[in-house]
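Chemist: Encoded as structure tokens, here's the structure I'll be asking about.
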Amino acid sequence: MTVQANRKRLSTGLTVTSKVFVRSRNGGALKIVREHYLRNDIPCYSSACTHCQEIVKPDANGNLPRFILSANPAKTTDGKPHYVILDTNIVLHAIDILESTQCFYDVIVPQTVLEEVKNRSFPIYQRLRNLVKSEDKRFVVFHNEYNEGTYVTREKNESINDRNDRAIREVVSWYQKHLPAIEMILVCNDADSKAKAAKENLNVKTLVEYLDCLPNGEDLKELIPADFSSFEGKKGEDEVTFPEYYSNARIMAGIKNGTLYQGVLNISSYNYLQGEVNVSAFKKPLLIQGSRNLNRAFNSDSVIVELLPKDKWKEPSTTIIEEETIGVNDNPDDGGEDNGNVAASEGVVSDKERLLLAQEAMKTTKGSTEEKRLQPTAKVVGIARRSWRYYVGQIAPTSVSQEDSGNSAKNCFVILMDKTLPKIRIRTRKAKEYLGQRIVVVVDSWPSDSKYPNGHFVRALGEVESAEAETEALLLEHDVEYRPFSKNVLDCLPKEGDNWVVPDIANTDDTQLQKRVDLRDKLVCSIDPPNCVDIDDALHAQKLPNGNYEVGVHIADVTHFVKAGTALDQEGASRGTSVYLVDKRIDMLPMLLGTNLCSLKPFVDRFAFSVIWEVDEDANIVNVKFMKSIIKSRQAFSYEQAQLRIDDPNQNDDLTNSMRILLKLSKKLKQKRLDAGALNLASPEVKVHMDSETSDPQEVEIKKLLETNSLVEEFMLFANISVARKIYDAYPQTAMLRRHAAPPATNFETLNDMLNVRKNGLSISTESSKALADSLDRCVDHNDPYFNTLIRIMSTRCMMAAEYFPSGSYGYPEFRHYGLAVDIYTHFTSPIRRYCDVVAHRQLAGAIGYENLDLSHRDKNKMEMIVRNINKRHRNAQFAGRASIEYYVGQVMRSNEAEHEGYVIKSFNNGIVVLVPKFGVEGLIKLETMGDVNSANYDEDKYELTFTDLNGNKRTVGVFDKVKVDVKSVKDEVSGKRKVQLMLK
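Everything in the sequence shown is counted per numbering that gives the first Met the number 0, starting at 0 for the first residue and increasing by one.
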């Protein structure tokens, strides 16, 4: 039995209440009296309240509480400024929404709610405490249990839950009287408490109703589950599984009858809940939004998708959504096979995910602009092929309990370096030991009743941010084979090793050597980047008596040493390409070949494969010859050295004049390509300078291109085109070629719309490569010389990727290389570092009758397998190289924080992406770092974001705007990845 005593005010000004408990034990009565002290100076924490600011007293440390509730809070659709007061069930079941940057600002959390949440879910309690600590969200805890005006006693026969609900309603009532100018909204999903609050004339709304009264409420309420109206007393209501995949029979039938489609899933790098799948049946990619529709698919998986009804087609998201910020405090012991606990219902999408996707949910064809942006939507119904591989990441500290003894295996999360991928749950005894280290994991499964995939630990790479661990991590992340070459591979090299020399062909019985043409009398030289050791191309030129010119391109004869079918060849075919990082090179072939035996070093005899033309004064081909040869380079120039020699009027030797002929002809070749419609695109290429002694990165600079760069490029293109024609004539079904498809007009829709809106009607034409090239030339801003380069960079990203293919896979019109504006093309000029060129060399040797072509290069199926691998390896090598530059640029910026010019290249409703030309890097700048989230307005039609900046000024930034940014290097505490961070000035 409990007896509640009357309140009594003490001389100190405090009020004390007494609770009298009468407990019966062993036949005797025990009276217990508990005193509870109440205060009248607990503040409301509103900066609009001068009364509380006057009466508040400092704490024991002399600190005054901070009044962070805004004096001008956000308004509802009826124009009333409001504060939100939360009920316990909202915190427990909608914590993701509370953490969102889209709504729930100026929130009052009654102490009663905080204590209930702590008792029922400690992880959610911690997340709520983090919200209170974050001043951006303006969450405050109001200690109603110690406030004289809000404390309520438990009535006779009243349950604890009912008493607590009444205490929360009392807080609402108190605030309504205390701050009459600001509307108080109690958000509560308990039907009984909501009814009582309404009887007490309190403004109470369910979560759906509250979201509905926000300016974007129509979108928001569509994403709330229908059964979200009440959580109380319903255990496991949020335990929903992903849809099961269709059976193989259903998938095969669906693909055959055209109701299902197969393609590769590409997850947005800015929104992990959005992906696209390109299928030939649609002009635009199929859009896939939300966890349920993505249905456990990883980025780069080959997926089976089913089209959604046309009334559900949507525009792509304009919201930045990062998985690492949404699920950072998820419990690794939830959502596994043991309990099947996954994200909230209605599509396995958390409340926070729903909220962040809300603005895209209801987009329809209301106008021409929306109609243009609308994309067909689909859902994943099967996985044709997983892209699972070794993944690199670090253990999430929030998933490791500090109290764990380490004696038993515990679940924890691994945050992957690739932010398009979900966390992976692993089980390990050494979670604490691996904290702060890069670790390698693999995915084992992703059950339909688990929010996250399950995997296991493979090995640790080392401390996060150490150069060795980060380099190995990026190689693993991009699936680059970097292990040392095996003994079987090395045994294929000449026994003489470094001492090998070209045999004397005049005194040899080798019939193949006798077929070689001796070109050692030619004035051959190489022009390469500084310090190049794997020299695979050289050139010569001379004027002929008839007034024409003889021009030769000589390529290292790698296939003399790399015979088809050997272990060396198989290793080269597997690796596909060399990978160039800032601090090292991962060779496709052993170093002995690349830097010695095959390298066209000066002053020594070397085997080569030569293409020699006779051209007229206008660089038109009179005839062309292909031959295996022996050459002796006269000099190895860097681009700059060659340029200086050509430009020096005092240099008139034969070798210099030879290079001048090459330069003159290269300019004519380039002009002819441009006249035919070749594209002059751009990419923000940078070079990182390393300290010669410590190998530490020192500075970053944009690569400077000289005329000699173009000289070499033009003759390499010239050779590749000629070789492509020759091997296609000889092997029309299996010739190793490279194509570049014309981009669909839809690829340029967004860029053209940006130009039209932001740059007074400028546009890019896509009818042909010539039209595109001409329109790019017209995209100029006379006030900003960099603008044209910026447009070329952005246009590059709208292009299709070039690909290798065997000639029998396409009809001749589809061979065309759109970017180079040629009808046929291959790669022949870099066999030391590309396997495609190795195959082209063998096919050219077969075409000229030098040697028989191996069966593997005459079989269409085998060639399909080769090109599939080298396309993948080529793409991975590019990404690895860029990642290496990004890492080292980040290292350079650790001690070089500075202000630089940047250009906005993307805009979202909660951030912008800025490119900094000086470093060739781009970075995401989130809205919360730029200014007031509540004041922001995103105009999707104008691609501009308007907000109140940190200085209180109204500001608008849009695509193509030149902006000032602070550039510095920061470590991402979630993924452990160091990156360049940009801050808008």
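Positions of the beta carbon are idealized from the N, C-alpha and C atoms, including for glycine.
Can you tell me whether residue 586 is buried or exposed, with buried defined as 16 or more other CB within 10 angstroms of its CB?
Modeler: As a working mapping, residue 586 is identified with position 587 in the sequence shown. That one is buried.
Chemist: Would you give the residue range spanned by the beta strand (DSSP E) that residue 605 belongs to?
Modeler: Within the sequence shown, residue 605 is the residue found at index 606, counting from 1. Element bounds for residue 605: 604-614.
Chemist: Please determine, among 811, 656 and 708, the residue with the shortest C-alpha to C-alpha distance to residue 731.
Modeler: Translated into the one-based positions of the sequence shown, residue 731 becomes position 732. Comparing Cα-Cα distances from residue 731 to each of 811, 656 and 708, the minimum goes to 811.
Chemist: How long is the line joining the alpha carbons of residue 532 and residue 507, rounded to whole angstroms?
Modeler: Counted from its first residue, the sequence shown places residue 532 at position 533. Counted from its first residue, the sequence shown places residue 507 at position 508. Those two C-alpha atoms are separated by around 30 Å.
Chemist: What is the DSSP secondary structure of residue 247, reduced to helix, strand or coil?
Modeler: For this step, residue 247 is matched to residue 248 along the sequence shown. Residue 247: helix per DSSP, three-state reduction.
Chemist: Between the C-alpha atoms of residue 678 and residue 495, what's the straight-line distance to the nearest angstrom?
Modeler: Translated into the one-based positions of the sequence shown, residue 678 becomes position 679. Translated into the one-based positions of the sequence shown, residue 495 becomes position 496. Whole-angstrom Cα-Cα distance: 46 Å.
Chemist: Where do the N-terminal and C-terminal ends of the beta strand (DSSP E) with residue 707 fall, by residue?
Modeler: Your numbering for residue 707 matches position 708 in the sequence shown. Careful: residue 707 lies outside any beta strand (DSSP E), inside the alpha helix (DSSP H) at 706-729.
Chemist: For residue 209 and residue 303, which I take to be in contact (beta-carbon distance under 8 Å), what is that distance rounded to the nearest angstrom?
Modeler: On the sequence shown, position 210 is the one that residue 209 refers to. On the sequence shown, position 304 is the one that residue 303 refers to. About 39 Å separates the two Cβ atoms, so there is no contact after all.
Chemist: Would you kindly report the start and end of the unbroken beta strand (DSSP E) that includes residue 410?
Modeler: To locate residue 410, count along the sequence shown from 1; it is residue 411. Where residue 410 is concerned, the enclosing beta strand (DSSP E) stretches over 409-415.
Chemist: Check whether the Cβ atoms of residue 830 and residue 479 sit closer than 8 Å, and answer yes or no.
Modeler: Mapped onto the sequence shown, residue 830 falls at position 831. Mapped onto the sequence shown, residue 479 falls at position 480. Going by C-beta atoms, residue 830 is not nearer than 8 Å to residue 479.
Chemist: Tell me, please, whether the segment 373-384 touches the segment 241-261 by the rule of three or more beta-carbon pairs shorter than 8 Å.
Modeler: They touch, by the three-pair rule.
Chemist: Under the rule that 16 or more other beta-carbon atoms within 10 Å means buried, what is residue 314, buried or exposed?
Modeler: In the sequence shown, the residue the question calls residue 314 occupies position 315. Buried is the call here.
Chemist: Hey, quick one: how far does the alpha helix (DSSP H) through residue 803 stretch, first residue to last?
Modeler: Here residue 803 corresponds to residue number 804 of the sequence shown, with the count starting at 1. Segment 802-805 is the beta strand (DSSP E) holding residue 803; no alpha helix (DSSP H) there.
Chemist: Can you list, in chain order, the residues of its chain with a C-beta nearer than 6 Å to that of residue 193? Leave out the 5 residues immediately preceding and following it.
Modeler: For this step, residue 193 is matched to residue 194 along the sequence shown. Within the same chain, residue 193 has close Cβ partners 187 and 203.
Chemist: Assuming residue 548 and residue 664 are in contact, meaning their beta carbons sit under 8 Å apart, how far apart are those beta carbons, in whole angstroms?
Modeler: Against the sequence shown, residue 548 aligns to sequence position 549. Against the sequence shown, residue 664 aligns to sequence position 665. Going by Cβ atoms, the distance from residue 548 to residue 664 rounds to 7 Å, so yes, they are a contact pair.
Chemist: Who pairs with residue 141 in a beta bridge, going by DSSP?
Modeler: Here residue 141 refers to the residue found at position 142 of the sequence shown. According to DSSP, residue 141 bridges with 109.
Chemist: Exposed or buried, what is residue 413 when buried is set at 16 or more other beta-carbons lying within 10 Å of its beta-carbon?
Modeler: Here the question's residue 413 lines up with position 414 in the sequence shown. The residue is buried, with at least 16 neighbouring Cβ atoms inside 10 Å.
Chemist: Considering only C-alpha positions, which residue in the set 133, 103 and 169 is nearest to residue 110?
Modeler: One-based indexing of the sequence shown puts residue 110 at position 111. Nearest of 133, 103 and 169 to residue 110, Cα basis: 169.
Chemist: Would you report the Cα separation of residue 454 and residue 409, rounded to the nearest angstrom?
Modeler: For this step, residue 454 is matched to residue 455 along the sequence shown. For this step, residue 409 is matched to residue 410 along the sequence shown. Computed Cα separation, rounded: 13 Å.
Chemist: Of the residues 744, 722 and 852, which one's Cα is nearest the Cα of residue 828?
Modeler: Taking the first residue of the sequence shown as 1, we reach residue 828 at position 829. The shortest Cα separation from residue 828 among 744, 722 and 852 belongs to 722.
Chemist: Measure the CB-CB distance between residue 319 and residue 909 and report whether it falls below 8 Å.
Modeler: If you number the sequence shown from 1, residue 319 lands on position 320. If you number the sequence shown from 1, residue 909 lands on position 910. Yes. Within cutoff.
Chemist: Going by the CB atoms, is the gap between residue 738 and residue 815 shorter than 8 Å?
Modeler: As a first step, residue 815 must be located in the sequence shown, where it is residue number 816. As a first step, residue 738 must be located in the sequence shown, where it is residue number 739. It is a contact, given that the beta carbons lie within the stated cut-off.
Chemist: On the criterion of 16 or more Cβ atoms from any shown chain inside 10 Å, does residue 443 qualify as buried, or is it exposed?
Modeler: Locating residue 443 in the sequence shown gives position 444, counting from the first residue. By the neighbour-count rule (16 or more Cβ atoms within 10 Å), residue 443 is not buried but exposed.
Chemist: In angstroms, rounded to a whole number, what distance separates the CA positions of residue 966 and residue 884?
Modeler: Looking up residue 966 in the sequence shown gives position 967. Looking up residue 884 in the sequence shown gives position 885. Their Cα atoms are separated by approximately 16 Å.
Chemist: Between residue 121 and residue 436, what straight-line distance do the alpha-carbon atoms span, to the nearest angstrom?
Modeler: Locating residue 121 in the sequence shown gives position 122, counting from the first residue. Locating residue 436 in the sequence shown gives position 437, counting from the first residue. Each residue's Cα considered, the two are about 27 Å apart.
Chemist: What span of residues does the alpha helix (DSSP H) with residue 748 cover, start to end?
Modeler: As a working mapping, residue 748 is identified with position 749 in the sequence shown. Segment 748-757, the alpha helix (DSSP H) holding residue 748.
Chemist: Could you pull out every residue in the same chain whose Cβ sits closer than 6 Å to the Cβ of residue 270, ignoring the five residues on either side in sequence?
Modeler: Along the sequence shown, one-based indexing puts residue 270 at 271. Answer for residue 270: 316 and 320, listed in chain order.
Chemist: Can you give me the Cβ contacts of residue 591 inside the same chain, cut-off strictly under 6 Å, excluding the 5 residues immediately before and after it?
Modeler: Residue mapping note: residue 591 aligns to position 592 of the sequence shown, counting from 1. So the qualifying residues of the chain are 492.
Chemist: Answer with buried or exposed for residue 622, where buried requires no fewer than 16 other C-beta atoms within 10 angstroms of its C-beta.
Modeler: Counting from 1 along the sequence shown, the entry for residue 622 is found at position 623. Under this definition residue 622 is an exposed residue.
Chemist: How long is the line joining the alpha carbons of residue 164 and residue 117, rounded to whole angstroms?
Modeler: Within the sequence shown, the letter at position 165 stands for residue 164. Within the sequence shown, the letter at position 118 stands for residue 117. If I take the Cα positions, the gap works out to 16 Å.
Chemist: Might you give, ordered along the chain, the residues of its own chain that have their beta carbon closer than 6 Å to the beta carbon of residue 452, omitting 5 neighbours on each side?
Modeler: As a working mapping, residue 452 is identified with position 453 in the sequence shown. Around residue 452: 423, 442 and 445.
Chemist: Residues bridged to residue 914 by DSSP?
Modeler: One-based indexing of the sequence shown puts residue 914 at position 915. For residue 914, which the question treats as bridged, DSSP gives the partners 902 and 921.
Chemist: Does the segment 944-959 touch the segment 859-876, meaning 3 or more C-beta pairs lie closer than 8 Å?
Modeler: No, because fewer than three Cβ pairs between the segment 859-876 and the segment 944-959 fall closer than 8 Å, the two stretches do not touch.
Chemist: Any idea what DSSP makes of residue 986, helix, strand or coil?
Modeler: Look at the range of the chain in this structure, 0 to 984, and you will see that residue 986 is not part of it.
Chemist: Restricting to Cα atoms, I'd like to know which of 978, 710, 132 and 189 is closest to residue 892.
Modeler: Sequence index remark: in the sequence shown, residue 892 carries index 893 (1-based). Closest option to residue 892, Cα to Cα, is 978.
Chemist: Are the Cβ atoms of residue 671 and residue 618 separated by less than 8 Å?
Modeler: Translated into the one-based positions of the sequence shown, residue 671 becomes position 672. Translated into the one-based positions of the sequence shown, residue 618 becomes position 619. Cβ atoms of residue 671 and residue 618: closer than 8 Å.
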